[in-house]
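Presented below is the structure to which this report refers.
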Amino acid sequence: MTVRLALLCLALAAASLAIGPVDLAAIWARDPDLARTLFVELRLPRTGLALAIGAGLGASGAAAQALLRNPLASPDVLGPSSGAALGAVLAGYFLGSGVIGMAIGGLAGAGAALALLLALVGRGAGTTRLVLAGVAVAMLIGVAINLALSLAPSPFALYDLMFWLMGSLDDRSLPQLALAAPLILAGIVLLVRSAPALDALALGEDVALSLGVARTAVQSRIIAGIALATGAGVAVAGSIGFIGLIVPHLVRPHVGHRPGAAVVPAALAGGALLTAADVAVRLLPAGIDLRLGVLTALIGAPFFIALVMRRD
Amino acid sequence: MLEAIALARPPMLAPTNLALQPGHVTGVIGPNGAGKTTLLRALAGLSRGPGRVLLDGAPLTPGPRTLAWLPASRDAVWPMTAATLVQLGLGPGAPPEPQAVAAALAACDASALANRAVNRLSTGERARVLLARAIVARPAWLLLDEPVANLDPGHRIDVMDLLATEADRGAGVVVALHDLDLARRCDRLLLLSDGTVVADGSPEQALTPDNLARYFGVRRDNHDWQRIVNVLLIGHVDGQSRSQAAADGQRPQPD
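If you read the protein sequences in the order shown, they are chains E and P.
Counting the first sequence from 1 gives a position; the numbering used here is that position plus 15.
Counting the second sequence from 1 gives a position; the numbering used here is that position plus 2.
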């Protein structure tokens, strides 16, 4: 399945590179330099970011569900993605709405949320405490975002930030890709390395400990991996919901429902799904400006409802 | 040898010194809230607190071949098959060992469940699969919290036989039990009350009529008293004459 998902990612990436508001082939015939610039400066970062952010969300979702032993968990419950959104919004105020400034603000916000979460949780805390601390951090940050928005200096700034928060890959540039992709990749590597421990956690925390899983080290590594893999994505693209929630459910049946073994396929499937969604928003007729984050939520929410209904 | 040195988990467990021998089945008994689970978790190195646990003289380091912990909880979050779950008992990232998994499932009379999703099993069936998970890596020590809870009478006896077999291969078995009839089959019993080991010895030494009355509240004016004493202390398979003699000799004076 991993190979097939990787091929699907490649095919969708090719589609994402080929599809856009302008016909690159026609421009190439007239002005090859312009076509190359469009390809490298616009199509490539957009495709790369869709793959990387989707992969980060998919892997984080699989890891969060395994760590919290809850199929209805998503990486958002731990707070770093909210932290990234707050950091980006604050950077938008104080540093101007420069995209790199917002991205760096987002990364700082994700890091701050992570630090707050780990400080609240303490050494080797149990799952319940982790969930409660994560929910508390996410709620606190959500309120802070609303406060920041309500204090917006002008209606235009408010409009820009609201729109940014909805999540999009429009007009992203190479520096944003260069900033986010390595961090997301580092987060995914941390999560993949934790996969055996995540499998063991399926037996419960105590049993995982008795099998030699070091709780404190593993928990910190997984939370840091989730923060990197989701926070870096939110910092450059805004909030993109539901990928991290639904993708693990799509792949887990194919790995024997082993929660750790689902991390790599979930990363690939997440990348494929977000790339496909990003192609879809570009194929919509002009005039319908559907944000990427809105589209993933429109697809994800019914899926989530079906999932909850099927559980009993 | 598994040693507990001044092992305490206040307020559930008072400072306790123990030396447990491999090759024996040690039963941990006591009324609800006596500290059985707390003692087992502390012995497994799963809780922090005063005291030390030494395995053959060195601090205990957990691992699938060292020690298996079976919690009393029977929950299973993910709908994996029983065989997949048992494989996880070989440790994080361990290579697949289908033969070891099949042998462990067979030892727990769960071979027929191998390809069924664990969350679709009955509680008793899942208890047998979880026990197979605990023994699959052939650990040196088995710490089992209520492994026979939820099991039907036939499987209860099977599990006690399995524990004896594990002890025969050299494993140290420490098992919390509520069923005092089954506890009689242990080599050694630790009777806990209010977090303190109040009796430690053979089943005959630990399960005295006095202890039954004092720690389990089995009242002597209960019309079943004679039968309970017979069943618990003498055993139903033994002859009537022996039980009668023992009852006459051991019956404590009324308060």
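Heads up, the beta-carbon is just placed ideally off N, CA and C, and yes, glycines get one too.
For clarity, every value in this text was computed on a predicted model and none was experimentally measured.
At least one CB of chain E lies nearer than 8 Å to the CB of Ala70 of chain P. Taking each of E:Pro168, E:Gly121, E:Val262, E:Ala312 in turn and checking the Cα distance to Ile255 of chain E, the smallest one comes out for E:Ala312. CA-to-CA, the gap between Gly111 of chain E and Ala70 of chain E works out to about 29 Å.
Contact annotation: in the stretch 222–236 of chain E, residues whose CB is within less than 7 Å of a CB in chain P are Val222, Leu224, Ser225, Leu226, Gly227, Val228. Secondary structure in the stretch 186–210 of chain P: the alpha helix (DSSP H) runs of 4 residues or longer, each lying completely within the stretch, are 205–208 in chain order. Residues of the stretch 114–132 of chain P with a C-beta less than 7 Å from any C-beta of chain E: none at all.
Sequence-distant partners of Arg236 of chain E (beyond 5 residues in either direction) whose C-beta falls short of 7 Å from its own C-beta, in its chain, are Leu205, Ser209.
In the three-state DSSP reduction, Ile159 of chain P falls in the helix class (H, G or I). Among the residues of chain E, those whose CB is under 7 Å from the CB of Thr83 of chain P are Gly271, following chain order. Taking 8 Å as the threshold, the shortest C-beta distance from Asp214 of chain E to chain P falls below it. For Asp175 of chain E, the enclosing alpha helix (DSSP H) starts and ends at 170–180. Across the structure, Pro211 of chain P and Trp227 of chain P are spaced so that their CA atoms are roughly 10 Å apart.
When rounded, the separation of the alpha-carbon atoms in Gly157 of chain E and Met181 of chain E is 14 Å.
The stretch 57–74 of chain E makes contact with the stretch 188–199 of chain E; the number of CB pairs closer than 8 Å reaches 3 or more.
In this chain, the beta strand (DSSP E) harbouring Asn19 of chain P covers 15–22.
According to DSSP, residue pairing for Ile31 of chain P in a beta bridge involves P:Leu193. In the DSSP annotation of this structure, Val270 of chain E is not part of any beta strand (DSSP E), being labelled neither H nor E. Rounded to the nearest angstrom, the gap between the Cα atoms of Arg273 of chain E and Met82 of chain P is 7 Å. With contact defined as three or more Cβ pairs closer than 8 Å, the stretch 92–103 of chain P and the stretch 60–67 of chain P are in contact. Closer than 8 Å to the CB of Ala77 of chain E there is not a single CB belonging to chain P. Bridge partners of Pro61 of chain P according to DSSP: P:Leu56.
For Asp304 of chain E, the number of other beta carbons within 10 angstroms of its own is below 16, and it is reported as exposed. At a beta-carbon threshold of 8 Å, the residues of chain P lying near Leu218 of chain E are Leu87, Leu90, Gly91, Arg135, ordered along the chain. Setting aside the 5 residues that flank it on each side, Arg128 of chain P is surrounded in the same chain by Arg76, Ala78, Val120, each with a C-beta closer than 7 Å to its C-beta; the list follows chain order.
For the 8 Å CB-CB criterion, Gly102 of chain E and Ala134 of chain E do not form a contact. At least one C-beta of chain P is nearer than 8 Å to the C-beta of Pro274 of chain E.
With a beta-carbon spacing of about 29 Å, Leu164 of chain E and Leu83 of chain E fall beyond the 8 Å limit used to define contacts.
Using a Cβ distance threshold of 8 Å, Gly174 of chain P and Leu4 of chain P count as a contacting pair.
For Val79 of chain P, the closest Cβ of chain E is nearer than 8 Å. Put simply, the backbone Cα of Leu299 of chain E is about 19 Å away from that of Ala287 of chain E. For Leu153 of chain P and Gly285 of chain E, the gap between their C-alpha atoms comes out near 43 Å.
When CB distances to chain E are screened at a threshold of 8 Å, the residues of the stretch 34–57 of chain P falling below it are Arg43, Ala46, Gly47, Leu48, in chain order.
Restricting attention to P:Asn117, P:Leu209, P:Arg54, P:Arg50, the CA atom closest to the CA of Ile7 of chain P is found in P:Arg54. Beta-bridge partners of Glu5 of chain P (DSSP): P:Ala21, P:Leu56. Taking all protein chains shown into account, Gly51 of chain P has fewer than 16 neighbouring C-beta atoms within 10 Å of its C-beta and is therefore exposed. Residues of chain P whose Cβ lies closer than 8 Å to the Cβ of Arg84 of chain E are, in chain order, Val79.
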